[in-house]
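Notes to accompany the following structure.
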Amino acid sequence: MRSYLRAHPTELWLTLVLAAMCIGLSLTSEQFLSAGNLTSLLNNNAVNIIWAVGLLVVLIAGGIDISFAVAASVVQYIAIAVFDSIGGGNWAIGFIIAGALGILLGCVNAALIHGFRIITIVVTIATFNAFFGLLMFFSKGRFIYDLPDWWGSRVVLWEHQSADGRWAELNLPVLAMVICIVLTWILIRRTTLGRQLYAFGDNPEAALRAGIDARLMQFSAFGWMGMMAGIGGLMQVNITQEIVPNALIGRELEVLAAVVLGGARLGGGRGTLLGCLLGVLLVAVTQNGLNLLGVSAYAFKMIIGAIILIAISTSSLSWGSLIQNRRGVSA
Amino acid sequence: MSNQSPAMPSWMHSENTILLIVLAAVFIGFGLFAPKFLSEGNFASIAFQLPVLGLLTLAMLAPILSGGLNLAIVFTANLSGLTLAWVLIQFGGPEAGPWAFVIGSVAAIIVGALAGAVMGLTIAYAGAHPILVSLAMMIFLQGLGEFLTRGSDISGFPAFLQPLGHGFFLGIPIPLLIFLGVALIWHVVLAHTRHGFAVYMIGSNIRASEYSGVHTKRTLTLIYTLSGVLCAVAGILMLTRFNSVRVGHGEALLLITVLACFLGGVDPFGGFGKVFPVVIALVILQILSSGLNLMGANQHLSTAVWGLFLIAVMVVRHLSGRLTLFSRWRT
Numbered sequence: 003m004r005s006y007l008r009a010h011p012t013e014l015w016l017t018l019v020l021a022a023m024c025i026g027l028s029l030t031s032e033q034f035l036s037a038g039n040l041t042s043l044l045n046n047n048a049v050n051i052i053w054a055v056g057l058l059v060v061l062i063a064g065g066i067d068i069s070f071a072v073a074a075s076v077v078q079y080i081a082i083a084v085f086d087s088i089g090g091g092n093w094a095i096g097f098i099i100a101g102a103l104g105i106l107l108g109c110v111n112a113a114l115i116h117g118f119r120i121i122t123i124v125v126t127i128a129t130f131n132a133f134f135g136l137l138m139f140f141s142k143g144r145f146i147y148d149l150p151d152w153w154g155s156r157v158v159l160w161e162h163q164s165a166d167g168r169w170a171e172l173n174l175p176v177l178a179m180v181i182c183i184v185l186t187w188i189l190i191r192r193t194t195l196g197r198q199l200y201a202f203g204d205n206p207e208a209a210l211r212a213g214i215d216a217r218l219m220q221f222s223a224f225g226w227m228g229m230m231a232g233i234g235g236l237m238q239v240n241i242t243q244e245i246v247p248n249a250l251i252g253r254e255l256e257v258l259a260a261v262v263l264g265g266a267r268l269g270g271g272r273g274t275l276l277g278c279l280l281g282v283l284l285v286a287v288t289q290n291g292l293n294l295l296g297v298s299a300y301a302f303k304m305i306i307g308a309i310i311l312i313a314i315s316t317s318s319l320s321w322g323s324l325i326q327n328r329r330g331v332s333a
Numbered sequence: 106m107s108n109q110s111p112a113m114p115s116w117m118h119s120e121n122t123i124l125l126i127v128l129a130a131v132f133i134g135f136g137l138f139a140p141k142f143l144s145e146g147n148f149a150s151i152a153f154q155l156p157v158l159g160l161l162t163l164a165m166l167a168p169i170l171s172g173g174l175n176l177a178i179v180f181t182a183n184l185s186g187l188t189l190a191w192v193l194i195q196f197g198g199p200e201a202g203p204w205a206f207v208i209g210s211v212a213a214i215i216v217g218a219l220a221g222a223v224m225g226l227t228i229a230y231a232g233a234h235p236i237l238v239s240l241a242m243m244i245f246l247q248g249l250g251e252f253l254t255r256g257s258d259i260s261g262f263p264a265f266l267q268p269l270g271h272g273f274f275l276g277i278p279i280p281l282l283i284f285l286g287v288a289l290i291w292h293v294v295l296a297h298t299r300h301g302f303a304v305y306m307i308g309s310n311i312r313a314s315e316y317s318g319v320h321t322k323r324t325l326t327l328i329y330t331l332s333g334v335l336c337a338v339a340g341i342l343m344l345t346r347f348n349s350v351r352v353g354h355g356e357a358l359l360l361i362t363v364l365a366c367f368l369g370g371v372d373p374f375g376g377f378g379k380v381f382p383v384v385i386a387l388v389i390l391q392i393l394s395s396g397l398n399l400m401g402a403n404q405h406l407s408t409a410v411w412g413l414f415l416i417a418v419m420v421v422r423h424l425s426g427r428l429t430l431f432s433r434w435r436t
């Protein structure tokens, strides 16, 4: 573990910051370490983490995706139409449909990227606008509250009443989150495909010469991201119990900030699941802590932005010289 | 994936031609099929809508040319507008004199420059990635603005500001004149000054420019500071256009500015791109939007068309690039 952390200074740094924050919060607020607070922290951030692990795979493969949150909204609207047409459905069908629709949208990105050699940020900014515009046009901005029973009702996996009578519970999104994390871990750490994604992201030219299939890389990275976007969208509806076309727009940048904060390199080839989770948790715990300390909700974003700014300007000082970092960018 | 950069000198030439042909095609198409497209009212509305998006796009241009991105432009503009509004209100709101406007504008520009300078310093000296830094700054500024205004509109400005946002000078809308003036200055700065040359060099190869004596850190800081100044000008114009300031105003323009730069042939990896094609791209986008609007489509459909249009242009560029390669190989 020690050698792992020494090889990954960003993860070490984030762990220290997060630990310091947790200790500080547990001393100043007795609620912070309560089961109720910790479980709600998990429930509320499950969707962000599902998206984050998907985005991590794209970043490792040297890409970037701006369109996934909007893609999740598109999946929600198509999925409800599919569920209505097949007369309801259930969770198994729901996961399959949402995952498949997500993969499909991810493949649209991958096809444009690979087929026409357009770089990922251009494609995903274009599809972001195309998906969102078409979604708003066809949905006419309508909200949907009339969901199939299984989709709209909370699934409690674990509950516990603490001594003071407060309930703590873990819901289905948390299970989905854990499965997504484990699957992504297997993909990037235990398969040849995962190794190839790192190699391709680090140096596409060298990877191609070593016989790696660029098409396979793009389609698997963006397909994976799409699947996570779809599942995240499915879970988001389960949490909020409504479908709103513009509810998720803007979340992509928050998730991107958290994942990159966790050490995934824009430019590819570097990034760990631990760092990714720590990045999301750092933002989540900050927000939770501010809430518990009674800070005005209007100040949250300002403080989170300041913390990310401070974190990057202090942690990246040790990452080596400017040149090395920026070389990774343009690669 | 830097192996996709097309051959530049001939490419930049044909870039203007392609864009002008597209512009003519779009113009003639809507002229024939959209009712009232060729009316004075329509041109006036295009001329009034273009400048805000245009100024923000120019603010995005230099960071992209240097191989980065500034995602904080809209909220920098909002915060600058807020500063001007605050100064005007200190001087009595609607009763404030011209001097209050001058002082307020200077303060707004200082705020914009400051926000940009902090980003530039972090990118240059901490070596952090521009996307992450500007994303954090965006979250911070949005939070700061929401904290200060509590999410409400600020209005009640003196009447003499009205002509700045809505008036004509020699038959040309004043906002358009401001935009054209700034675009001209920006063209001169990028094409004919030491700083501009350094921007292109950094975008092409930061290490080579460092070794050839360019003060890369100072240049990077200046790039983002000037970008912040342009945002402030956009923020001041937004105040006079809408006669109010709200944090989040123009949020949807953020990714459109990136889209406009790419459409204008700016290399996403930096190093190549000019002001003039970007201005043509902006005009095309605005014509598309207003033409579709006249044909009865709403803004969301325009957003979708913008996205699809960018994809189409990139596909054509890819295919024509292959064609040129092919013909070169033949001869």
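If you read the protein sequences in the order shown, they are chains A and B.
Residue numbering for the first sequence follows the working numbering, starting at 3 and increasing by one per position.
Residue numbering for the second sequence follows the working numbering, starting at 106 and increasing by one per position.
Backbone N, C-alpha and C fix where the C-beta goes; we use that ideal spot for every residue, glycine too.
Determine whether the Cβ of residue i lies closer than 8 Å to any Cβ atom of chain B.
i: Val55/A; result: no
i: Met304/A; result: yes
i: Met227/A; result: no
i: Met138/A; result: yes
i: Leu96/A; result: What sits at residue 96/A in the sequence shown is Gly, not Leu. It does not: the Cβ of Gly96/A has no partner Cβ on chain B nearer than 8 Å.
i: Gly307/A; result: yes
i: Val124/A; result: yes
i: Ile241/A; result: no
i: Tyr300/A; result: yes
Rounded to whole angstroms, what's the CA-CA distance from residue i to residue j? Just pull it up for me.
i: Val262/A; j: Leu268/A; result: 7 Å
i: Gly135/A; j: Ala233/B; result: 33 Å
i: Gly56/A; j: Phe130/A; result: 17 Å
i: Ser36/A; j: Leu174/A; result: 20 Å
i: Gly101/A; j: His116/A; result: 22 Å
i: Val297/A; j: Phe284/B; result: 41 Å
i: Asp215/A; j: Arg197/A; result: 13 Å
i: Phe70/A; j: Met227/A; result: 7 Å
i: Ile98/A; j: Gly91/A; result: 11 Å
i: Ala209/A; j: Gly271/A; result: 11 Å
i: Phe132/B; j: Leu275/B; result: 24 Å
i: Lys379/B; j: Ala288/B; result: 11 Å
i: Arg253/A; j: Gly234/A; result: 12 Å
i: Val338/A; j: Val287/A; result: The structure shown does not extend to residue 338/A, since chain A is modelled only from 3 through 333, so no value can be given for it.
i: Glu120/B; j: Leu415/B; result: 14 Å
Give a yes or no on whether 8 Å exceeds the smallest Cβ distance from residue i to chain A.
i: Phe252/B; result: yes
i: Leu237/B; result: yes
i: Met165/B; result: no
i: Met400/B; result: no
i: Leu364/B; result: yes
i: Trp411/B; result: yes
i: Pro280/B; result: no
i: Trp116/B; result: Bear in mind that the predicted position of Trp116/B carries a pLDDT of just 48, short of 50, making it unreliable; the figure below should be weighed with that in mind. Chain A contact via Cβ: absent.
The alpha helix (DSSP H) with residue i in it runs from where to where?
i: Leu107/A; result: Trp93 to Phe118
i: Glu254/A; result: Arg253 to Leu263
i: Glu200/B; result: It is not in any alpha helix (DSSP H) - Glu200/B carries neither H nor E in the DSSP assignment.
i: Gln78/A; result: Phe70 to Ser87
i: His300/B; result: Arg299 to Ser309
i: Asn348/B; result: Note, Asn348/B: premise wrong, no alpha helix (DSSP H); not H, not E.
i: Asn183/B; result: Ile178 to Gln195
Do the CB positions of residue i and residue j come within less than 8 Å of each other?
i: Leu266/B; j: Thr345/B; result: yes
i: Val19/A; j: Ala259/A; result: no
i: Leu170/B; j: Ala386/B; result: no
i: Asn46/A; j: Val257/A; result: no
i: Val418/B; j: Leu368/B; result: yes
i: Gly217/B; j: Cys366/B; result: no
i: Pro373/B; j: Ile123/A; result: yes
i: Gly209/B; j: Leu193/B; result: yes
i: Ile328/B; j: Val319/B; result: no
i: Ile228/B; j: Leu325/B; result: yes
i: Asn348/B; j: Phe273/B; result: no
i: Tyr79/A; j: Ser141/A; result: yes
i: Met304/A; j: Phe180/B; result: no
i: Leu114/A; j: Gly281/A; result: no
What residue range does the beta strand (DSSP E) around residue i cover?
i: Gln33/A; result: No beta strand (DSSP E) contains Gln33/A, which DSSP labels as neither H nor E.
i: Asn398/B; result: From DSSP, Asn398/B is part of no beta strand (DSSP E) but of the alpha helix (DSSP H) over Val380 to Leu399.
Examine the ligand ZN and report whether any of its heavy atoms sits within less than 7 Å of the Cβ of residue i.
i: Asn47/A; result: Although the ligand ZN was asked about, the structure shown includes no ligands whatsoever.
Every unbroken alpha helix (DSSP H) inside the segment 126-202 of chain A [4 residues or more]: You should have 151-154 and 174-192.
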